[in-house]
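Trainee: One structure coming up, written as structure tokens, with questions to follow.
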Amino acid sequence: MSFELSQVGLAHANGQRALRAVTLSAGRGERIAIIGPSGAGKTSLLRILATSLRPTEGRVSVLQANPWQLSGAQLRQLRARIGVVHQSPPIPPRQRAITAVLAGRLGVWPWWKSALSLVYPADIAGAREQLARLDLADRLFERCDRLSGGQLQRVGVARALYQQPDLLLADEPVSAMDPALADLTVSQLHSEASTRGVTLVASLHAVDVALRWFPRVIGLRAGEIAFDLAAVKVSDSVLRDLYASETGTLPTQDNQPFDVAPATDRLRVVAPPRII
Amino acid sequence: MALRDPDAAGRALWVAAALLVLWPLLHIAQFNPAELFDARNLKVMGGFVGQFFPPDLTGEFLQLVLKATVETLAMATAGTALAMLLAAPLGLVLSHSLSISRIGPGPGRGFGEALRALARVTLLVLRGIPEIVWALLLVRAFGLGPAAGVLAIAVTYGGMLGKVYSEILESGDTRPARALLESGSGRLMAFFYGLLPGASQELASYTVYRWECAVRASVIMGFVGAGGLGQLMDQSMKMLNGGEVSTILIMFLLLVLLADAISASIRKLLA
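Respectively, the protein sequence lines represent chains A and U.
Quick note, the first sequence lines up with residues 0 to 275 if you use numbering that gives the first Met the number 0.
Quick note, the second sequence lines up with residues 0 to 270 if you use numbering that gives the first Met the number 0.
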């Protein structure tokens, strides 16, 4: 098991409930998309898996460990094995792309190596390789405040890839990208997952990206799991129910209308994830 | 329902409360601006300021002033440098944005909070006692001379810098550091990779400002025998030589100007 949640609930300090009775598990190498309207609890769920939030109730097990029973040192080691792509990349604007990517290994590097890397980058080739996968190799030494929103988001992805985690969590990893770059980025997350046997969980705003790329799709609504299905089984009516309170059209990466073909058709139409 | 700001009443209440507290305080401090413009007082003050002109610019005295300036600069710079050494670790310990145990909260929370409380108390004691008291105390150990002044500045300013460092580290964007801590990074590296890039300008300019204050504080140290411009001013004052005092004051203005220029260029460098 890569992670296991049982009856997990989360209430924020102001009493607002973010999650209730979420039971969910995933095996090694699974690729899961989480979709749902805004405020459904997608980010909260990912943050619980990332061990950055402690659930109010229920049991959590991540990479065969209960994070909240570990010692400080063990918890740090566990966290170094979990890679997170944040929706708005938490990267200081004055930092260079290479430093931002190399920061992915701070959890495993000894402190003196991290310190020396501030004087002269410790692994230029490694950082360049990850940025190149996302078509950003030429921005290696660029300062992050000179990058566009979509480029910065890819630097954040490159950092998580450079970390070489065993569990890769992505919170709206492509929200600031156009459809082509979104596809490239998601494909790289997938290739990382399949080549290294990493479990990938991504929350996505765009239903089309979720259905095209992820074998398993979880619908989250008002803090509860609305459905947990193989992508081919996700039907139009299931999606309409999930987004019932929104505008009526399903959210997509390119903002074009999207209709789910009947499941039987899509079995033929949908290509398996392209591994680049 | 009318469109009204629900917080307006609360704001008004706080402003009223602040004024209510301030008014008696002004009375206790015997603040009466009218006295400033009383004819008799104006004459006395005018006479005092009049003694300052013209400034004493004779070569012999200028030489004394230059020598004292170098001494003052050395005292302020050494004191501020030592203060930084003292403040940096305390500020890092104190800032919540670098707390690993707060995430969750996780293990070691009690220890972390205890350490923070200890750092807070240490800083409080360091800066709570005025530098002149530290100087008077240290003069007894080191004897007359700049060493006591340097240490007095180091101790007091270490306390002030540590407090402000930790506040600067908490006021900016703390998400980068938190994200690094959440991926297993240690505290110190989360600071270097996550907080320093965003906070370096503020940290540097506040430190330079404190250096400027240290230059002024060294005058007071001079009055208790720690050397530098302060001691020179003390002598000039005692001899009622206004011209010399005004020369020293001009030197001070130049030093403050210098501090301004240094601060501006460091900010530009770090931008």
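Quick reminder that beta carbons are idealized off the backbone N, C-alpha and C, glycines included.
Predicted, not measured: the structure shown is a model, and the values here were computed from it.
Run through DSSP, which three-state label would A:F2 get?
Mentor: Here residue 2 of chain A refers to the residue found at position 3 of the first sequence. Residue state, collapsed to three classes: strand.
Trainee: Could you please give the first and the last residue of the uninterrupted alpha helix (DSSP H) stretch that includes U:L268?
Mentor: Counting from 1 along the second sequence, the entry for residue 268 of chain U is found at position 269. U:L268 -> alpha helix (DSSP H) spans 241-269.
Trainee: So does the region 154-166 of chain A actually touch the region 113-120 of chain A, counting three or more Cβ pairs closer than 8 Å?
Mentor: Contact between the region 154-166 of chain A and the region 113-120 of chain A is absent, because fewer than three Cβ pairs lie under 8 Å.
Trainee: What whole-angstrom Cβ distance do U:S165 and U:G90 have, given they're in contact under 8 Å?
Mentor: Along the second sequence, read from residue 1 onward, the residue named residue 165 of chain U stands at position 166. Along the second sequence, read from residue 1 onward, the residue named residue 90 of chain U stands at position 91. The pair is a contact, with the Cβ atoms about 4 Å apart (cut-off 8 Å).
Trainee: Which residue's Cα is closest to the Cα of U:F191: A:P91, A:L203, A:S236?
Mentor: Stepping through the second sequence from its first residue, residue 191 of chain U is reached at position 192. Checking every option, the nearest Cα to that of U:F191 belongs to A:P91.
Trainee: Leaving aside the five residues before and after U:A80 along the sequence, list all residues of the same chain whose C-beta is less than 7 Å from its C-beta, in chain order.
Mentor: As a first step, residue 80 of chain U must be located in the second sequence, where it is residue number 81. No residues qualify anywhere along the chain.
Trainee: A:E56 lies in the beta strand (DSSP E); which residues open and close that run?
Mentor: Walking along the first sequence from the start, residue 56 of chain A turns up at place 57. Its beta strand (DSSP E) spans residues 56-61.
Trainee: Between A:S234, A:V118, A:D122, which lies nearest to A:V100 when the distance is taken from Cα to Cα?
Mentor: Stepping through the first sequence from its first residue, residue 100 of chain A is reached at position 101. Closest by alpha carbon: A:D122.
Trainee: Could you check the C-alpha separation between A:D253 and A:P88 for me, to the nearest Å?
Mentor: Position 254 of the first sequence, counted from the first residue, corresponds to residue 253 of chain A. Position 89 of the first sequence, counted from the first residue, corresponds to residue 88 of chain A. A:D253 and A:P88: Cα-Cα distance of roughly 21 Å.
Trainee: Looking at C-alpha atoms only, which residue of A:G71, A:P172, A:F226 is the closest neighbour of A:R153?
Mentor: Against the first sequence, residue 153 of chain A aligns to sequence position 154. When each option's Cα is compared against that of A:R153, the closest is A:P172.
Trainee: Kindly identify the DSSP beta-bridge partner or partners of A:S297.
Mentor: The question about residue 297 of chain A has no answer here: the residues shown for chain A are numbered 0 through 275.
Trainee: Just confirm the distance between the C-beta atoms of A:L188 and A:A201, as a whole number of angstroms; I'd bet it's less than 8 Å.
Mentor: Sequence index remark: in the first sequence, residue 188 of chain A carries index 189 (1-based). Sequence index remark: in the first sequence, residue 201 of chain A carries index 202 (1-based). With a Cβ gap of about 7 Å, A:L188 and A:A201 count as contacting.
Trainee: Are the CB atoms of A:W110 and U:L187 nearer to each other than 8 Å?
Mentor: Here residue 110 of chain A refers to the residue found at position 111 when the first sequence is read from its first residue. Here residue 187 of chain U refers to the residue found at position 188 when the second sequence is read from its first residue. Yes, these two residues count as a Cβ contact at 8 Å.
Trainee: Any C-beta of chain A within less than 8 Å: which residues of the region 111-127 of chain U qualify?
Mentor: Taking 8 Å as the Cβ-Cβ cut-off against chain A, none of the residues of the region 111-127 of chain U qualify.
Trainee: Answer yes if the region 134-152 of chain U comes into contact with the region 219-237 of chain U, meaning at least three C-beta pairs across the two stretches below 8 Å, and no otherwise.
Mentor: The answer is yes - the region 134-152 of chain U touches the region 219-237 of chain U, with three or more Cβ pairs under 8 Å.
Trainee: Using the beta-carbon of each residue, which ones in chain U are nearer than 9 Å to A:W111?
Mentor: For this step, residue 111 of chain A is matched to residue 112 along the first sequence. Those do not exist, as A:W111 stays about 10 Å from chain U at its closest Cβ, beyond 9 Å.
Trainee: Here's the rule: buried if 16 or more other CB atoms are within 10 angstroms of the residue's CB, otherwise exposed. What is U:I27?
Mentor: Reading the second sequence from its first residue, position 28 is the one you call residue 27 of chain U. When all chains shown are included, U:I27 counts as exposed.
Trainee: If you reduce the DSSP assignment to three classes, tell me which class A:P261 lands in.
Mentor: The residue labelled residue 261 of chain A in the question sits at position 262 within the first sequence. In this prediction, A:P261 scores a pLDDT of 47, lower than 50, which makes its location untrustworthy; no coordinate-derived value is stated.
Trainee: Are the CB atoms of A:S37 and A:A17 nearer to each other than 8 Å?
Mentor: By 1-based counting over the first sequence, the position of residue 37 of chain A is 38. By 1-based counting over the first sequence, the position of residue 17 of chain A is 18. No; because the gap between Cβ atoms is not below 8 Å, this pair is not in contact.
Trainee: Can you grab the Cα-Cα spacing for the pair A:E191 / A:L168, in whole Å?
Mentor: Your numbering for residue 191 of chain A matches position 192 in the first sequence. Your numbering for residue 168 of chain A matches position 169 in the first sequence. The alpha-carbon atoms of A:E191 and A:L168 are separated by roughly 12 Å.
Trainee: What alpha helix (DSSP H) runs, 4 residues minimum, are completely inside the region 102-185 of chain U?
Mentor: As far as the region 102-185 of chain U is concerned, its whole alpha helix (DSSP H) runs of at least 4 residues are 108-127, 130-141, 145-170, 174-181.
Trainee: Determine the extent of the beta strand (DSSP E) in which A:G335 is found, giving its start and end residues.
Mentor: The requested residue 335 of chain A is not part of the displayed model; chain A covers only 0 to 275.
Trainee: Kindly provide the ranges of any alpha helix (DSSP H) runs that are 4 or more residues long and lie completely inside the region 110-186 of chain A, ordered along the chain.
Mentor: Here the runs fully enclosed are 110-118, 123-132, 148-161.
Trainee: In the DSSP assignment, find the beta strand (DSSP E) that holds A:A243 and state where it starts and stops.
Mentor: Here residue 243 of chain A refers to the residue found at position 244 when the first sequence is read from its first residue. That residue, A:A243, is in no beta strand (DSSP E); it is neither H nor E in DSSP.
Trainee: Taking the alpha-carbon of A:I33 as reference, which of A:F257, A:E223, A:Q255, A:N65 has the nearest alpha-carbon?
Mentor: The sequence position of residue 33 of chain A within the first sequence is 34, counting from 1. For the residues A:F257, A:E223, A:Q255, A:N65, the minimum Cα distance to A:I33 belongs to A:E223.
Trainee: Mind checking A:R58: buried by the 16 CB within 10 Å criterion, or exposed?
Mentor: Within the first sequence, numbered from 1, the residue matching residue 58 of chain A stands at position 59. It is exposed - the Cβ of A:R58 has fewer than 16 other Cβ atoms within 10 Å.
Trainee: Compile a chain-ordered list of the residues in the region 188-201 of chain U whose CB is closer than 7 Å to at least one CB of chain A.
Mentor: Those residues of the region 188-201 of chain U that come within reach of chain A (Cβ to Cβ, closer than 7 Å) are M188, F191, Y192, G193, P196, G197.
Trainee: Hey, A:F213 and A:A230 are a contact pair by Cβ (cut 8 Å); roughly how many whole angstroms apart?
Mentor: As a first step, residue 213 of chain A must be located in the first sequence, where it is residue number 214. As a first step, residue 230 of chain A must be located in the first sequence, where it is residue number 231. The pair is a contact, with the Cβ atoms about 6 Å apart (cut-off 8 Å).
Trainee: According to a CB-to-CB cut-off of less than 8 Å, which residues of the region 44-72 of chain U neighbour chain A?
Mentor: Correct list: empty, as no residue qualifies.
Trainee: Is there a C-beta anywhere in chain U that falls below 8 Å from the one on A:D264?
Mentor: By 1-based counting over the first sequence, the position of residue 264 of chain A is 265. Unreliable placement is indicated for A:D264, whose pLDDT of 46 sits below 50; the coordinate value is still reported in the next sentence. Judged by the 8 Å Cβ criterion, A:D264 is not in contact with chain U.
Trainee: Got a sec, what are the start and stop residues for the alpha helix (DSSP H) U:E34 sits in?
Mentor: Your numbering for residue 34 of chain U matches position 35 in the second sequence. First-last for U:E34: undefined, no H or E at that position.
Trainee: Using a Cβ cut-off of 8 Å, which residues of the region 165-177 of chain U contact any Cβ in chain A, in chain order?
Mentor: Under the 8 Å Cβ criterion, the region 165-177 of chain U contributes D172, R174, P175, R177.
Trainee: At 9 Å on the CB atoms, spell out the chain A contacts of U:I219, in chain order.
Mentor: Taking the first residue of the second sequence as 1, we reach residue 219 of chain U at position 220. Neighbours of U:I219 on chain A: none; closest Cβ ~38 Å, over 9 Å.
Trainee: How would you write the range of the alpha helix (DSSP H) that U:T68 sits in, first residue to last?
Mentor: The count along the second sequence starts at 1 and reaches residue 68 of chain U at position 69. Segment 58-93, the alpha helix (DSSP H) holding U:T68.
Trainee: Taking C-alpha atoms, which residue in U:E59, U:L65, U:F30, U:R10 lies nearest to U:L228?
Mentor: For the purposes of this step, residue 228 of chain U is taken as the residue at position 229 of the second sequence. Among U:E59, U:L65, U:F30, U:R10, the Cα nearest to that of U:L228 is on U:L65.
Trainee: Does the separation of the CB atoms of A:A102 and U:L179 fall below 8 Å?
Mentor: Numbered from its first residue, the first sequence carries residue 102 of chain A at position 103. Numbered from its first residue, the second sequence carries residue 179 of chain U at position 180. Their beta carbons are under 8 Å apart, which means A:A102 touches U:L179 by this criterion.
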